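Residue 1 is where the sequence shown starts when you use UniProt numbering, and the numbers rise one by one after that.
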Amino acid sequence: MDFVLLTPDPEGAKFLLMNRDVYKKSVLVAPDVAQILTKHVLGLNGEDWKRHRSVVNNGFVTSAYKSYYPAFNQMTQRFISKLPLEVDFNISPLLSKFTLDLLGQSIFQYDFNNLNHEEDPNYKAYQTLFNASTSSFTVLLTQLFPHYFHLLPLAITKTYLKALSTIKALFDKVIQTHQTSKLQRQDVLENLLASHNARTLSDVELYSNIWVLFLAGHETTSTALSYAFYELAKNQDIQEKLRQVVLKEIPEEDGVPQMESMLDPPPYLDAFVKENLRHHPPAPFAPSRKCDHDLHFNGQPCLLGRGWGLTYGASTTIHSTGRTPLHSNQRGSYQRTGRDTTNLLTCPSRWDQDSALGMISQR
Numbered sequence: 001m002d003f004v005l006l007t008p009d010p011e012g013a014k015f016l017l018m019n020r021d022v023y024k025k026s027v028l029v030a031p032d033v034a035q036i037l038t039k040h041v042l043g044l045n046g047e048d049w050k051r052h053r054s055v056v057n058n059g060f061v062t063s064a065y066k067s068y069y070p071a072f073n074q075m076t077q078r079f080i081s082k083l084p085l086e087v088d089f090n091i092s093p094l095l096s097k098f099t100l101d102l103l104g105q106s107i108f109q110y111d112f113n114n115l116n117h118e119e120d121p122n123y124k125a126y127q128t129l130f131n132a133s134t135s136s137f138t139v140l141l142t143q144l145f146p147h148y149f150h151l152l153p154l155a156i157t158k159t160y161l162k163a164l165s166t167i168k169a170l171f172d173k174v175i176q177t178h179q180t181s182k183l184q185r186q187d188v189l190e191n192l193l194a195s196h197n198a199r200t201l202s203d204v205e206l207y208s209n210i211w212v213l214f215l216a217g218h219e220t221t222s223t224a225l226s227y228a229f230y231e232l233a234k235n236q237d238i239q240e241k242l243r244q245v246v247l248k249e250i251p252e253e254d255g256v257p258q259m260e261s262m263l264d265p266p267p268y269l270d271a272f273v274k275e276n277l278r279h280h281p282p283a284p285f286a287p288s289r290k291c292d293h294d295l296h297f298n299g300q301p302c303l304l305g306r307g308w309g310l311t312y313g314a315s316t317t318i319h320s321t322g323r324t325p326l327h328s329n330q331r332g333s334y335q336r337t338g339r340d341t342t343n344l345l346t347c348p349s350r351w352d353q354d355s356a357l358g359m360i361s362q363r
């Protein structure tokens, strides 16, 4: 087992993540997964990473966002129609279904129709793979038996491989549906398929990037929304203020918010989203890395030697970064002010570059 360095300090995290040529990503998974789902933009290094990034980035520009927008509105209406009225209920499962349907319609031009199904085998397979990737027992097995995990006579292995086969079949169906669609849209999947057809991406790289978009675009969004609803329910004065801002500053056309207002949201809405992400980071980890050289930071003695592992990962570490004794007087600028004991949305100027004290309620 490798030594692991965890850093909650923003400067330490920046040092680690920016020196990607020295501290390269190193992902250890079972061989069956490695053959399908690991050659993606989040797990590669150097020129391979740049090649994948150039393909994926084109799906996250203004023209692409505009092409996704009708699907956003359609799926939002579907989600709202499923909300029960005047009763207490757990919103997280609905949000998980909603974000999967939203991802399918916008990025993949494919309707998973998960909001209308109680039990979906594809979603169950996804949950199996996702839970396995965060399970200490499964991670331990892949570390102890990296080349033989798929041969282990265990129920967890059989379930895992069955789920992997189901996801692979789903991706085949998504690709086929996208290729036969008459819609012309410069979305992420269109760019991936074009690069695959031009042999810029291999089969494994194509499936791997579909998987990482599936994972990163669905689970993280669902988690962030769940925490946002929780904070709004707990802080109803902020909820009401945010509601008034949305009604006043986001114009509608035929009952649909205008696209331009989504690309340039009101400052209060923008601040709420950022502060929610600071307090409740939805991404549990960043890819682990291996040192190519001895690690020195700020002139300190060697912390990790060549070949050792290091990570800016684990939910506690990313969570701690947002709660270090730092305060922001203006966007992107931090200064130390002592321990951060604030609750959500209690620092008026944290995200306000003009220090407008009314932007976030002071408690």
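For glycine and all other residues, C-beta sits at the position ideal for the given N, C-alpha and C.
Predicted model only: the values in this text are computed from it and were never measured.
>> Measuring straight from C-alpha to C-alpha, what distance separates E219 and N276?
In response: Translated into the one-based positions of the sequence shown, residue 219 becomes position 219. Translated into the one-based positions of the sequence shown, residue 276 becomes position 276. When rounded, the distance between both Cα atoms is 16 Å.
> DSSP on N329, reduced to helix/strand/coil?
Replying inline: The residue labelled residue 329 in the question sits at position 329 within the sequence shown. Residue confidence is low: N329 scores 40 on pLDDT, short of 50, so the model does not pin down where it sits. No coordinate-derived value is stated.
>> Once the 5 residues before and after L95 are set aside, which same chain residues still bring their CB inside 6 Å of it?
In response: In the sequence shown, the residue the question calls residue 95 occupies position 95. Correct list, in chain order: S222, L225, S226.
> Grouping DSSP H, G and I as helix and E and B as strand, with all else coil, what is V256?
Replying inline: Residue numbering aside, residue 256 sits at position 256 when the sequence shown is read from its first letter. Three-state result, V256: strand.
> Under 8 Å between the Cβ atoms of A163 and A194?
Replying inline: One-based indexing of the sequence shown puts residue 163 at position 163. One-based indexing of the sequence shown puts residue 194 at position 194. Their beta carbons are not under 8 Å apart, which means A163 does not touch A194 by this criterion.
> Over what stretch of residues does the alpha helix (DSSP H) that includes Y148 continue unbroken?
Replying inline: To locate residue 148, count along the sequence shown from 1; it is residue 148. Taken as a continuous stretch (DSSP letters only), Y148 belongs to no alpha helix (DSSP H), as it is neither H nor E.
>> Using 8 Å for Cβ pairs, my map puts T142 next to F149. What's the rounded Cβ distance?
In response: As a first step, residue 142 is located in the sequence shown; it is residue number 142 there, counting from the start. As a first step, residue 149 is located in the sequence shown; it is residue number 149 there, counting from the start. Yes, they are in contact, since the Cβ atoms of T142 and F149 sit about 5 Å apart, within 8 Å.
> When the distance is taken between beta carbons, is L102 closer than 8 Å to A64?
Replying inline: Indexing the sequence shown from 1 puts residue 64 at position 64. Indexing the sequence shown from 1 puts residue 102 at position 102. The answer is no: Cβ separation not under 8 Å.
> What residue does the alpha helix (DSSP H) around A155 start on, and which one ends it?
Replying inline: Residue mapping note: residue 155 aligns to position 155 of the sequence shown, counting from 1. Run containing A155: 155–180, per the alpha helix (DSSP H) assignment.
>> Please tell me whether S67 and Q186 are closer than 8 Å, where the distance is taken between their beta carbons.
In response: Sequence index remark: in the sequence shown, residue 67 carries index 67 (1-based). Sequence index remark: in the sequence shown, residue 186 carries index 186 (1-based). The answer is yes: Cβ separation under 8 Å.
>> Just to check my reading of the structure: H52 and N209 have Cβ atoms closer than 8 Å, yes? What is that Cβ distance to the nearest angstrom?
In response: Here residue 52 is taken as the residue at index 52 of the sequence shown, counted from 1. Here residue 209 is taken as the residue at index 209 of the sequence shown, counted from 1. The pair is a contact, with the Cβ atoms about 7 Å apart (cut-off 8 Å).
> Can you give, in chain order, each stretch of the beta strand (DSSP E) that sits fully within the segment 94–132 and has at least 3 residues?
Replying inline: none
>> So V56 and V41 are supposed to be a Cβ contact under 8 Å. How far apart are they, rounded?
In response: If you number the sequence shown from 1, residue 56 lands on position 56. If you number the sequence shown from 1, residue 41 lands on position 41. Right, their Cβ atoms sit about 5 Å apart.
> alpha helix (DSSP H) containing F72: first to last residue?
Replying inline: As a first step, residue 72 must be located in the sequence shown, where it is residue number 72. Unbroken alpha helix (DSSP H) run through F72: 62–81.
>> Using C-beta distances below 6 Å, list every residue in its chain close to residue 368, excluding the 5 sequence neighbours before and after it, in chain order.
In response: In the structure as shown, the chain starts at 1 and stops at 363, and residue 368 therefore has no counterpart that could be examined.
>> Please report the distance separating the alpha-carbon of S54 from that of E119.
In response: Looking up residue 54 in the sequence shown gives position 54. Looking up residue 119 in the sequence shown gives position 119. In a straight line, the C-alpha of S54 is about 37 Å away from that of E119.
> alpha helix (DSSP H) containing E86: first to last residue?
Replying inline: Counting from one through the sequence shown, the residue named residue 86 turns up at place 86. Where E86 is concerned, there is no enclosing alpha helix (DSSP H), given that its DSSP letter is neither H nor E.
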